[in-house]
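First up is the structure itself, then whatever we jot down about it.
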Amino acid sequence: MSSELLSPAEMTEADRLAIATGPLAGIDLMRNAGAAVSAVVLAHFPVASRVHVLCGPGNNGGDGYVVARILRDSAVDVAVWASGSPKAGSDAALAASECPVRPRPLSEFVAETGSIVVDALYGAGLSKPLSGDAARAVEVATELSLPVVAVDLPSGVSGESGQSLGQAFRARITVTFARKKPGHLLLPGREMCGELVLADIGIGDGIVAQLEPRTFENTPPLWIGNFPVPAVDAHKYRRGHVGVFSGGPSATGAARLSALAAARSGAGAVTVLSPANAMQVNAAHLTSIMLHKSDSVADVQEFIGRRRPSAFVLGPGFGVGEKTRDFALGVLATGQRPDGRVDGLVLDADGITSFRDAPNVLFEAARRPNAPALVLTPHEGEFARLFPDIAGDTNLSKLAKARTAAERAGAIVVYKGADTVIAAPDGRAAINGNGAPWLATAGSGDVLSGIIAGFLAQGMPAFEAACAAVWIHAEAGSRFGPGLIAEDLPLALLPVLRQLAERRNEVTAG
Ligand SMILES: NC(=O)C1=CN([C@@H]2O[C@H](COP(=O)(O)OP(=O)(O)OC[C@H]3O[C@@H](n4cnc5c(N)ncnc54)[C@H](OP(=O)(O)O)[C@@H]3O)[C@@H](O)[C@H]2O)[C@@H](O)CC1
Ligand SMILES: [K+]
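Take the sequence shown: its position 428, counted from the start at 1, is 428 in the UniProt record's numbering, and no numbers get skipped.
If you want it as structure tokens, here you go:
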């Protein structure tokens, strides 16, 4: 499965294992890497007046020497600018010795408009911020607006976190090898990479599998096998029943958006649970979605016992306070009750903020054996309310923050943003790469919560349900494009869901 992501350390280990297993030696992998980058340069910039290859002292630089040799062999005008020289006896030293272009020191780097830069300074081995000659090279490329093709990663960008500590190249194209790295998908890395090309350099799937990767790009292969398609004889309650809690009379819209999204994502039945004083306003806006009065935990329990809902959404428009905490803890306690157990609770917005002063109460409830799956869907601000120490730890990437939070909370954490990360308490995590700017609109998160609950109610495991919902939500948003408002999203889901249902049937048939 190629949705796996490898951290720079895991990638180094994959290189080592591949070399130890054979048949390819390190220099073969390097030659394949350099060939892949050269092919991209030749295909995208056939009329470049000159190609400047910047080579660092490690294996990333080694790839650069291979690129320079192949381009020279292809009659391209090539200049090589080197920062340090490769360690004697290394693969990079061998690649440098095979390169017919005499390197000049990076400190003298000059370039001209119309030329191309191949950035082979630092890749997986980036160990500190760019400084001196490397930082100046970034300035030269930026000033002249030269297209940059980055080898593995734009130098200065961390493959682990996507962060750049100081200066970094902004690439037009980045060519990486074997598997993508988290830094290619996490912001700002994703933007710094430009177009990302993944090249096969001969590291087999079996080698990657030995590393048992726990990080993935969030794409359909990750969860299509669990994507719910109703059986021919499906009864509406067998397709799952979602309950969505509504706020008071002037805050009911968010719950209805969530409810509609749960219904569109395939839940057989959806009920809005409304305070008595908001029943009329909700009733005026609901047709296929049911309505039930619910002012107290006893009302909620009575509903659970009688109507057997399998998932809830709590938070959108609900208000912050004790009632919210009681409802959330009441739902999570159903794992201990014989009269109706709920499979999952999606806690969003006010639901998250309500626990800011007592997050451990929530986490303990979620971690109790047999508790319903808890899915938390914080944006950055809400994340910091529930996990202030994790949010403030500048050593952690967004991926590591989500992962640490999920483990602490015993919950699936959907850490939202343009690079949403979904993490599970068991250590799995996925980074979403199809986020669309159109989704940054009021109510969009309420829709996402509803989709997650819709999938949970249909029996999808919680991590897969959250991943699928995030991807589908983003896909629907980007296909709809400009002018999107949250009301459009439930309908915009339909073509995406249709394609996935077809794909799921193919997977099942195959
Ligand atoms: N056989 C293989 O393994 C294959 C590997 N492949 C390629 O290898 C790349 C990884 O190679 P790598 O591990 O040698 O690390 P690399 O990125 O070259 O940097 C290390 C050197 O740079 C230095 N340095 C770092 N940051 C610096 C800074 N800011 N400023 C100044 N110096 C800095 C660092 O110094 P140090 O930290 O030791 O002080 C060290 O000397 C990978 O991205 C891929 O392109 C492919 O060819 C496939 C086969
Ligand atoms: K690089």
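Ideal Cβ placement from N, Cα and C applies to all residues, glycine included.
Beta-bridge pairing of Gly84 - partner residues as DSSP gives them: Here residue 84 corresponds to residue number 84 of the sequence shown, with the count starting at 1. Gly84 has no beta-bridge partner at all, per DSSP.
field: Cutoff 6 Å; reference Arg403; Cβ partners in own chain excluding five residues on either side
entry: Taking the sequence shown and counting its residues from 1, the one referred to as residue 403 is at position 403. Annotation for Arg403: Ala423 and Ala429 place their beta carbon closer than 6 Å to its own, counting only its chain and skipping 5 residues before and after.
Cβ-heavy atom distance, Met192 to ligand 1, below 7 Å
As a first step, residue 192 is located in the sequence shown; it is residue number 192 there, counting from the start. No.
- Query: So Met290 is in the beta strand (DSSP E); what residue range does that whole segment cover?
  - Reply: The count along the sequence shown starts at 1 and reaches residue 290 at position 290. Its beta strand (DSSP E) spans residues Met290 to Lys293.
Just mark Gln458 as buried or exposed, buried being the case when its beta carbon has 16 or more other beta carbons within 10 Å.
-> Here residue 458 is taken as the residue at index 458 of the sequence shown, counted from 1. Flag for Gln458 reads buried.
TODO: Note down, in chain order, each residue of its chain lying with its Cβ closer than 7 Å to the Cβ of Met1, except the 5 sequence neighbours on either side.
DONE: Numbered from its first residue, the sequence shown carries residue 1 at position 1. Because the pLDDT at Met1 is just 49, under 50, the model does not fix this residue reliably, and the value given afterwards should be weighed accordingly. Closer than 7 Å at the Cβ level, and outside the excluded window around Met1, lie Pro221.
- Can you tell me where the beta strand (DSSP E) with Asp119 in it begins and where it stops? As a first step, residue 119 must be located in the sequence shown, where it is residue number 119. Asp119 -> beta strand (DSSP E) spans Ile116 to Ala120.
### Query
In this structure, what does DSSP give as the bridge partners for Val40?
Within the sequence shown, residue 40 is the residue found at index 40, counting from 1. Paired residue(s): none; Val40 is not in a bridge.
* So Ser274 is in the alpha helix (DSSP H); what residue range does that whole segment cover? -> Here residue 274 refers to the residue found at position 274 of the sequence shown. Run containing Ser274: none in the alpha helix (DSSP H); it sits in the beta strand (DSSP E), Ala269 to Ser274.
So Ile452 and Ala466 are in contact, right, with Cβ under 8 Å, and what is the actual spacing, rounded?
Reading the sequence shown from its first residue, position 452 is the one you call residue 452. Reading the sequence shown from its first residue, position 466 is the one you call residue 466. Contact flag correct, Cβ pair sits at about 5 Å.
Rounded straight-line distance, which links the Cα of Thr219 to that of Gln499 = Looking up residue 499 in the sequence shown gives position 499. Looking up residue 219 in the sequence shown gives position 219. When the Cα atoms are used, Gln499 and Thr219 turn out to be separated by approximately 14 Å.
- Message: Give me, in chain order, the residues of the same chain whose beta-carbon lies closer than 7 Å to that of Pro8; leave out the 5 immediate sequence neighbours on both sides.
- Response: Here residue 8 refers to the residue found at position 8 when the sequence shown is read from its first residue. The answer, listed in chain order, is Ala124, Gly159, Glu160 and Lys181.
Alpha carbon to alpha carbon, what distance is there between Arg179 and Leu374?
Stepping through the sequence shown from its first residue, residue 374 is reached at position 374. Stepping through the sequence shown from its first residue, residue 179 is reached at position 179. Their backbone Cα atoms lie some 31 Å apart in a straight line.
key: Beta-ladder partner(s) of Ile422, from DSSP   = In the sequence shown, counting from the first residue as 1, residue 422 sits at position 422. BP columns for Ile422 point to Val414 and Ala430.
**Q.** Helix, strand or coil at Ile173 according to DSSP, with G and I counted as helix
**A.** One-based indexing of the sequence shown puts residue 173 at position 173. Strand at Ile173.
Looking only at C-alpha atoms, which of Arg504, Ser444 and Ala468 sits nearest to Leu484? In the sequence shown, the residue the question calls residue 484 occupies position 484. Leu484 has its Cα closest to that of Ser444, out of Arg504, Ser444 and Ala468.
Requested in this report: Taking 8 Å as the threshold, find out whether the region 201 to 220 comes into contact with the region 285 to 294 through three or more Cβ pairs.
Outcome: Taking 8 Å as the limit for Cβ pairs, the verdict is that the region 285 to 294 does not touch the region 201 to 220.
- Query: Under a CB-based cut-off of 8 Å, is Ala328 close to chain D?
  - Reply: Among the protein chains of the structure shown there is no chain D, as only one such chain exists.
Asp393: buried (16+ other C-beta within 10 angstroms of its C-beta) or exposed? Sequence index remark: in the sequence shown, residue 393 carries index 393 (1-based). So Asp393 counts as exposed.
*Please go through the same chain and pick out, in chain order, the residues whose beta-carbon is closer than 6 Å to the beta-carbon of Ala365, but skip the five residues on each side of it.*
Here residue 365 is taken as the residue at index 365 of the sequence shown, counted from 1. Shown here for Ala365: same chain residues with a beta carbon closer than 6 Å to its own, the five before and five after excluded, namely Leu329 and Leu332 in chain order.
**Report entry** Closest by C-alpha distance to Ala255, when choosing among Pro249, Phe245 and Leu362
**Finding:** Position 255 of the sequence shown, counted from the start, is the residue given in the question as residue 255. When each option's Cα is compared against that of Ala255, the closest is Phe245.
Could you check what DSSP says for Ser164 in three-state terms: helix, strand or coil? Start at 1 with the first residue of the sequence shown, and residue 164 comes out as number 164. In the three-state reduction of the DSSP assignment, Ser164 falls in the strand class.
*Using a Cβ-Cβ cut-off of 8 Å (strictly less than) and excluding sequence neighbours within five positions of Glu13, which residues of its own chain qualify?*
Walking along the sequence shown from the start, residue 13 turns up at place 13. Cβ neighbours of Glu13 beyond the five flanking positions: Leu211.
Review point. Would DSSP call Glu195 helix, strand or coil?
Key: Taking the first residue of the sequence shown as 1, we reach residue 195 at position 195. Reduced to three states, the DSSP call for Glu195 is strand.
What residues match up with His52 in a beta bridge as DSSP calls it?
-> By 1-based counting over the sequence shown, the position of residue 52 is 52. Looking at the DSSP assignment, His52 forms a beta bridge with Ala79 and Val117.
Quick check on this structure: which residue in Ile207, Gly56, Asn360 and Leu144 has the alpha carbon closest to the alpha carbon of Asp15? What you label residue 15 is simply residue 15 of the sequence shown in a count that begins at 1. Scanning Ile207, Gly56, Asn360 and Leu144 for the CA closest to the CA of Asp15 turns up Ile207.
Through-space distance from Gly247 to Gly194, alpha-carbon basis: For the purposes of this step, residue 194 is taken as the residue at position 194 of the sequence shown. For the purposes of this step, residue 247 is taken as the residue at position 247 of the sequence shown. The C-alpha of Gly194 lies about 43 Å from the C-alpha of Gly247.
What are the residues that DSSP puts in a beta bridge with Thr215?
-> For the purposes of this step, residue 215 is taken as the residue at position 215 of the sequence shown. BP columns for Thr215 point to Ala429.
Using CA atoms only, rank isn't needed, just tell me which of Ala75, Gly62 and Leu71 is closest to Ser83.
Taking the sequence shown and counting its residues from 1, the one referred to as residue 83 is at position 83. Considering only Ala75, Gly62 and Leu71, the residue with the shortest C-alpha distance to Ser83 is Gly62.
Requested in this report: Helix, strand or coil for Ala255, going by three-state DSSP, please let me know.
Outcome: Taking the first residue of the sequence shown as 1, we reach residue 255 at position 255. Here DSSP, grouped into helix, strand and coil, assigns Ala255 to helix.
Using a Cβ-Cβ cutoff of less than 7 Å, which residues in the same chain neighbour Ser3 once the five nearest sequence positions on both sides are dropped?
Walking along the sequence shown from the start, residue 3 turns up at place 3. The beta carbon of Ser3 is closer than 7 Å to those of Phe216, Glu217, Thr219, Pro221 and Leu222 in its chain, skipping five residues each way along the sequence.
Exercise for review: Report the rounded CA-to-CA distance for Ala283 versus Ser258, giving the unit in angstroms.
Suggested key: In the sequence shown, the residue the question calls residue 283 occupies position 283. In the sequence shown, the residue the question calls residue 258 occupies position 258. Ser258 has its alpha-carbon roughly 16 Å from the corresponding atom of Ala283.
Assuming Leu273 contacts Phe227 (C-beta within less than 8 Å), just tell me the rounded distance between them.
-> Along the sequence shown, read from residue 1 onward, the residue named residue 273 stands at position 273. Along the sequence shown, read from residue 1 onward, the residue named residue 227 stands at position 227. Wrong, their Cβ atoms sit about 27 Å apart, outside the cutoff.
ask   = Who are the near neighbours of Asn370 in its chain, counting only those whose CB is closer than 8 Å to its CB and skipping five residues on each side?
value = The sequence position of residue 370 within the sequence shown is 370, counting from 1. Once the five neighbours on either side are set aside, the close Cβ partners of Asn370 are Gly335, Gln336 and Arg341.
**Request:** Compute the minimum distance between the beta carbon of Tyr415 and the heavy atoms of ligand 1, and state whether it is under 7 Å.
**Result:** Position 415 of the sequence shown holds residue 415. In this structure, ligand 1 has no non-hydrogen atom nearer than 7 Å to the beta-carbon of Tyr415.
- Message: Can you tell me where the alpha helix (DSSP H) holding Ala509 begins and where it ends?
- Response: Here residue 509 is taken as the residue at index 509 of the sequence shown, counted from 1. Run containing Ala509: Leu489 to Ala509, per the alpha helix (DSSP H) assignment.
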